[in-house]
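So the structure is just underneath, and the comments pick up after that.
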Amino acid sequence: MLFSEGATGGALAFVPYSQSGSSSQRGCLLYPGNRGLDCLNFHRVELQHHKGSSSCVDVSSSDPFSFQLKGPIRQISSASLLNDCCVAVRSDHLCGVWRFSERNEPRLLQVVNTREVATCINVSPHVLGEVLVASESGAANLWTVGRGMQKIREEDSNLYFNAKSSWRWCEFSAHPRVMLYADRTGVELTDIRLSPVSNHTLFRISNTPECRSGERLILSRYLGDGHPFQHLITTQFSAYIMDERFPCVPMLKWDHMMQSPPMFCHAVRGSTSGSAVSGAKTTKVLLGSHNSQEITLLQYSGGRAEACSTHGPPQALLRPRDSLKHLPVQIPHRLDIATSRLSSPVAGLTCIQKRGGREAGGEECICILQLTEAGDIFYQILEPEQPEQPDTCRPPAADDDLLPQPTLKEATTLGREPAKPLQPHSEMVVSDTSSDEGVIGPTQGPTVQRFVAETPEREQRVLNSYSSSEDSDSGGKGQNLKQLGLQVIVNDDPELDQVCGLEVGVKDGKVGKGTADNTEEPSSLGHVGPSEWQTPVKLSDGALITWKRWLQKLMHKSRDNKPRPRCLQHFTVKTGGLLHLSEDERDEAQRYSTKAKPVQSLRRDLRACMSKRSLLVHSAVSASLGAPDVVMLPDLVDTEVWRDQISQRLTLSWQGEEAWRAWWEDQLGLNREEKVEALKRKRRREKEAKRATGRRLELSGSFTSSVSYQSELADFSDSTGWSSAASQGAWSDTESKVSQLEGSLECGTPRASTPSTMQTDTPAYTPTATPQSVKDKQGDQQTPSSSHTLALSQTPDSTLANQRSNKRPAEDYLSSLFAPQDEPSQLRSSQSVPQRSLRMDLSQDTAVWSGFSQSQSLSQSSQGRMGLSQASQPKKKKSRMGF
Amino acid sequence: MDDLQRELLEDLDDDSDSSDGNSSKGSKKSKLPLVNPMCAETPKETGFHQSTRVCLEQIREALLHHRWQEAAEYMACYPQMLEDPTNGTGQPYKELIWRISTEILHHHPNSKMEDYNNIYERMKHSGVRHYLMICLEHSFHLLLIGHIEDAKHQLSVAESWRHGKESAAQYQRIKLIHAYRSLLDYIIWCDKKFTRSNTEYPDSGDNQDMHNYFRQASVNLKEILKNPGVWDPFILSYVEMLEFYEDHEEALKVLNDYAYDSTFPPNPNAHVYLYQYLKRHDTSERKLMKVLKILHVLVPSHELMLEYSSLLLQSEKRSDIQKALGVVMEMLDFACWRSNLDVWERLKSIIQKLQLQEDWKDVVSGQMAARKDWWPALHFTSFHASKDSEENPELMKVKAPLTKILCPDLMLKYTASQVTSGE
């Protein structure tokens, strides 16, 4: 199990401002931006949560305040003390401290450079401006900003046994001068008031009950606020609550059941508001893992007057990658991109807590935010259930599509506290995407059209209803209905430092009427049918549109990232414009608007062909499509075009083993002597013949023969190839048919890629043949087939390849015959791009996606061809051998 | 074997590290053992293994998302695993089934007591290894639903259970079972005591009965409490019974052993119990202070430190006042006491008393020497001032004069701005 320990702690933080009203919680979200996660953003956000309406994180009120850093941000630690907030940021070798408050803009206080990789940074919750920094050297420093570093401890080995890990961690504790010093083997409390610091063990891996082999400490976190003496310690298997007053004895231990180690954690102190039922307020501990994106919610209470006790089993919350299940099926290519984007490892976890308190609309909820390494931020909202008001959690945009939610009612209670069953119910909610302004990056290149700027986001709600058996009276009792909204904020513009994915929340106007039923049922329904969990959740149209936009943008981006030759840009510009059009159409109507006739007729043709089980060939398509510039494929195959040796060899192999072997002998020069003999004989005959014809021709004849010795030999060896030209042609024909099939929309594009591969062969041929003949051949081959742009783009590459292959010693031959070469790949990319863009204009309405999938298949096919030409290259060298 | 594989993987890991060391991520990977090898796919697995593995994964998913019904349905199929001759008989799988089943039953809406009994009984008899643990858990469950007698019966059965040689783990569990059975005896004893106190004329039979429970419990507890560990609830119940029968000598001995036996883990509660016992029985202040002194070393932030400081303050010794100053100031180091009015007032009264001495400035500055660079930021910033004046003007009044005394040579914003603005 691997995980990158540098990210421990997480690079996402939320600093709450004083609560403004009952319906929202404002604060500052700190997150890294850019592709490299090297831009620190301070973004004012607002968690809007209304009773009975939607909840969202509104980031539209202002632009983020960003700082460009020199390295990727690994950890952000913040502490606020009485409205003033101190933020420490760790990247690998640099640590910086910022300070800001609700009214003041963030400003950088100090930056330090650590010689070793820093593994931990933590801001003091006691004294503003004190920061603990630990590094791989084993040293922990107390950094008083403005005054310098004070080394508090240094260990050159692990604390309790050799865990072969240089990871170190340090935290503050309840006493401002007693620090926690941790590594993979345990935690010690270090009292720095005494001059040789005194240490005593707080936690030790091997001393915990039922410690498993290989168990290691992953993270330690001072819970502070609310539990001033408690520390959360996680290992791969368990989470412990330790009390520093009672060292070495865990107050609580969970098996957190996560598959990868929990590296991020956020503890939410239970709010006292309302709930007489839950009595003791439960503290919620969120654990997040890195690769698997898991978030686990643990709840416990106690720790002061009463003993600690857990509340309910660990609960897994939604992961970003889970949302794909609830979305419409995509074609594999798109799905892959979306999946990989959605399942990029998590880089941070934080939580916005909104306290309730007041009666009207003051609802408490927590919003869990997850940052992925791709720079996206996802959130989900959990709120306590209020069973007597079942309709509170209706997400507004999804009126019609909600399924009734099932509920489990808890019959038995475990201990004092009611166990809380809950039902995930996922659903997409659209919030209107806002703000084009300022989001798009001007330098993103001509490809990006305006629609890209629309912020893609996606919300997914999961309603989890809790109902409790203990609820006696009305009013926000501690039972929880959870509402999870999972939302993507796409870090769409990594090149610039803008964070997009601004979102405008759904307004509550929509809410009032209708559908109280969706959550009504949970409170009344006692039992769930087994299959109900599997029922797919229906998504609203709006949600789908939002999702589509997000996906579209993602696709666009991922395509932009591909290398593309300069000269072809005008194609893509055109594509962008077309896509823009189609985007507008989609905005007003359904997902796949099938208005455009060519596509419709094409689909009809395709369907007809499928029913007839025939191939969708060029003629069928071109009739319906009627593209203006369709050029028929040449009827006759110019057999001379197929000179590459692999074709020759393949053709020959059809004639039986002897012909094939003869060809190999020919190629390997095994029969060279014979050939030389034959040549000599031939010349002798010619001489004799010339002698017989007369003196005048004699001179010139002998002159040419001496010069053209090589070329004749080449001709000779070629002739074996030409003999099989017919079957070769047949082969190439089928191939072009195949490519036609693959890109079913594209018919009769003039440059089937075969000529271009030939082209690459030709120059390679040059050295062996006489200059004149080469020129002729080149001319011949080019004219019928390839377009000009292609020829232009390819020439430099192929000549390069030639030079390289000329230098290659002959001994490489066998290995290079089988080993893949890299030169052709340049050709391939330059080739596939124009095809794709051409196809785009045909498939205007299916937009980017279709263009994408096809280009992929085509580029695959061209790859195959390149493979052939690769193999044929070395052979040419071979024919020169010995001369 | 396992280690070997791990080493191998580690090597591989190192290799990959060096290769992508200069990649953009450059983050260091760390390797740790897998969490759940039972779920892992094995290279040679039959269809049966595969389906049980998938089933287990589904159960896991359902459990983690609290979909109990779904989990229960999958769970109905999973015990087939036990019929597999190759590894189904393994103890890990039995434990797995036991734990998952009971977890589902705990949360499933339709679970009944019969289901519990069924599972517990079956799993108890599926193998000897978990017998005691399951018995213990079974009785816990019975306790939770209030069946104390049944629970005690379960424990008695487990007590008399013998199988083969006792392993170390088994020995531990037997001790636990003894302890919990004694605790149940105590609970029944409490019930009897309660009913006896309610009836006007207790008959001797009841008395005898109650005494029997005491004897049963005390015999076990006396033995068990000799084992190092954290026995807080057991100690308390034992001491309560001993006090009832006025065996003070034994009670004090038990508490002293619990607090001062060095083989036990350092347990602040032990000292607190001892202190409370001593206080109940009007022990001398000297002895109380002795206990609190040790508690102060263990937990300087304990709320009993207020009592300790007042005891120190009452004593006539000069050094005791200085000690009291140290105790209170150390309390104020901790976040939980920082804005506590009582502590600040105690500090004020200590300083007032201290000021009667001549060298009080030296004493104070001696205490402040270590705190000079962080106490101002901890207590006396203008932020604190505005907050205190808003939320706790009383505290403000106490704190403000103290700043000058504690930090005479510093210009602190605490006094300056808010005494005027706040009041």
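If you're matching them up, the sequences are chains Z and H in order.
Counted the way the numbering used here counts, the first sequence spans residues 85 to 967.
Counted the way the numbering used here counts, the second sequence spans residues 2 to 424.
Note that the Cβ used here is the ideal one computed from N, Cα and C, for glycine as well.
Please list, in chain order, the chain Z residues whose beta carbon lies closer than 7 angstroms to that of residue i.
i, result
"E115 (chain H)", "Those within 7 angstroms of E115 (chain H) in chain Z number zero; the least Cβ separation is about 13 angstroms."
Is residue i helix, strand or coil when you go by DSSP?
i, result
"I452 (chain Z)", "strand"
"I236 (chain Z)", "strand"
"A224 (chain Z)", "strand"
"F313 (chain Z)", "coil"
"Q159 (chain Z)", "strand"
"E130 (chain Z)", "strand"
"E255 (chain Z)", "strand"
"R261 (chain Z)", "coil"
"L357 (chain H)", "coil"
"D389 (chain H)", "helix"
"W748 (chain Z)", "helix"
"T630 (chain Z)", "helix"
"K861 (chain Z)", "Model confidence at K861 (chain Z) stands at a pLDDT of 42, short of 50, so the residue's coordinates are unreliable; what they give is reported in the following sentence. In the structure shown, K861 (chain Z) sits in a helix (DSSP, three-state: H, G or I)."
"G367 (chain H)", "helix"
"P148 (chain Z)", "coil"
"E214 (chain Z)", "strand"
"P346 (chain Z)", "strand"
"H139 (chain H)", "helix"
"N213 (chain H)", "helix"
"M341 (chain Z)", "coil"
"F87 (chain Z)", "strand"
Starting from the Cα of residue i, find the closest Cα among the options and give me that residue.
i, options, result
"T124 (chain Z)", "Z:E378, Z:S695 and Z:P190", "At residue 124 (chain Z) the sequence reads Leu, which differs from the Thr that was named. The residue with the shortest Cα to Cα distance from L124 (chain Z) is Z:P190."
"M124 (chain H)", "H:L348, H:I101, H:N111 and H:S387", "H:I101"
"I183 (chain Z)", "Z:L114, Z:S145 and Z:A218", "Residue 183 (chain Z) is actually Arg in this sequence, not Ile. Answer by Cα proximity: Z:L114."
"R54 (chain H)", "H:S168, H:Q81, H:W361 and H:E317", "H:Q81"
"I60 (chain H)", "H:I98, H:V231 and H:M242", "H:I98"
"Q323 (chain H)", "H:D248, H:G147 and H:M369", "H:M369"
"E74 (chain H)", "H:L83, H:E62 and H:D85", "H:E62"
"D360 (chain H)", "H:R319, H:S140 and H:N270", "H:R319"
"K409 (chain Z)", "Z:D267, Z:T423 and Z:E390", "Z:T423"
"S322 (chain Z)", "Z:R688, Z:Q343, Z:V181 and Z:L628", "Z:Q343"
"N206 (chain Z)", "Z:G386, Z:A223, Z:S161 and Z:C170", "Z:S161"
Quick one: list the residues of chain Z neighbouring residue i, beta-carbon separation under 8 angstroms, in chain order.
i, result
"L379 (chain H)", "H210, V211 and P260"
"A336 (chain H)", "P209, H210, A258, G308 and P312"
"K388 (chain H)", "L166"
"P1 (chain H)", "This structure cannot speak to residue 1 (chain H), because chain H is shown only from 2 to 424."
In chain H, which residues lie with their C-beta within 7 angstroms of the C-beta of residue i?
i, result
"D168 (chain Z)", "F384"
"V333 (chain Z)", "V231 and P266"
Going along chain Z, which residues have a C-beta under 9 angstroms from residue i?
i, result
"Q302 (chain H)", "Correcting the residue identity first, residue 302 (chain H) is Ser in this sequence and not Gln. Result: A258, H259, P312, F313 and R329."
"E104 (chain H)", "P397"
Please report the Cβ distance between residue i and residue j, rounded to the nearest whole angstrom; I am assuming they are in contact, meaning their Cβ atoms lie under 8 angstroms.
i, j, result
"I436 (chain Z)", "L453 (chain Z)", "7 angstroms"
"H210 (chain Z)", "F256 (chain Z)", "7 angstroms"
"L65 (chain H)", "A400 (chain Z)", "4 angstroms"
"H139 (chain H)", "Q155 (chain H)", "5 angstroms"
"R296 (chain Z)", "G270 (chain Z)", "At roughly 15 angstroms, the Cβ-Cβ gap does not stay under 8 angstroms, so R296 (chain Z) and G270 (chain Z) are not in contact."
"A351 (chain Z)", "T367 (chain Z)", "6 angstroms"
"T318 (chain Z)", "C349 (chain Z)", "7 angstroms"
Taking C-beta pairs closer than 8 angstroms, name the residues in chain H that residue i reaches, listed in chain order.
i, result
"R277 (chain Z)", "A371"
"M233 (chain Z)", "Result: empty, since nearest Cβ-Cβ is about 14 angstroms, beyond 8 angstroms."
Return no unless some Cβ of chain C is closer than 7 angstroms to the Cβ of residue i.
i, result
"W375 (chain H)", "Among the chains of the structure shown, chain C does not appear; the protein chains present are Z and H."
Exercise for the section: Note down, one range per segment and in chain order, each alpha helix (DSSP H) of at least 4 residues found wholly within the stretch 73 to 128 of chain H. Expected result: 92 to 108 and 114 to 125
Practice task
Entirely within the stretch 144 to 184 of chain H and at least 3 residues each: give me those beta strand (DSSP E) ranges in chain order.
Solution key: none
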